[in-house]
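Residue 0 is where the sequence shown starts when you use numbering that gives the first Met the number 0, and the numbers rise one by one after that. Here a beta-carbon is modelled for each residue, glycine too, at the ideal position from N, C-alpha and C. All values derive from a computational prediction rather than experimental measurement.
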Amino acid sequence: MKTKTTWADNHIPLNELFGIVLDENSDSGHNIIQSSYMTTEWGLPEKQVLLTGDGHWFITLDYRKGETPTIRWIDCECGEDIYVANSFDEFYEGLVSEDHFAID
């Protein structure tokens with residue numbers, strides 16, 4: 000990623016991907032199935048599937064422009080809504096180890 004965000008000048012964090020939790024008794028926010036609720040809770044644009052985030056920021060599958068989602072970085076506190084990739088495949092192919100950004 001070459002766009003500066005509130006996270007860093009040239010990358011965004013991806014320490015985990017949310018899972019699919021089918022247990023109705025679970026209230027985990029780390030659940031793709033909770034995307035609709037979390038979108039409302041955090042004031043995110045509609046038509047998002049949350050891949051990861053901590054409530055202050057999210058990486059999402061953005062379906063606002065059609066059936067094929069793009070990947071977006073959304074920082075709720077700062078109002079950032081930044082394009083990351085055209086598809087999940089492109090996003091995946093661009094992943095690098097966090098060691099790549101380590102400060103010596």
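{"Asked": "What are the boundary residues of the beta strand (DSSP E) that T2 is part of?", "Found": "From DSSP, T2 is part of no beta strand (DSSP E); its letter is neither H nor E."}
{"Asked": "To the nearest angstrom, report how far apart F17 and I31 are at their CA atoms.", "Found": "6 Å"}
{"Asked": "Does the stretch 32 to 39 touch the stretch 74 to 89, meaning 3 or more C-beta pairs lie closer than 8 Å?", "Found": "no"}
{"Asked": "Going by DSSP, what residues sit across from N30 in a beta bridge?", "Found": "G18"}
{"Asked": "Check each candidate in T4, L13, T2 and K3 and name the one with the smallest Cα separation from D98.", "Found": "L13"}
{"Asked": "Report the three-state DSSP secondary structure of E79 (helix, strand or coil).", "Found": "strand"}
{"Asked": "Apply the 10 Å Cβ neighbour rule to L50 and answer buried if 16 or more other Cβ atoms are within range, or exposed otherwise.", "Found": "buried"}
{"Asked": "Run through DSSP, which three-state label would T67 get?", "Found": "coil"}
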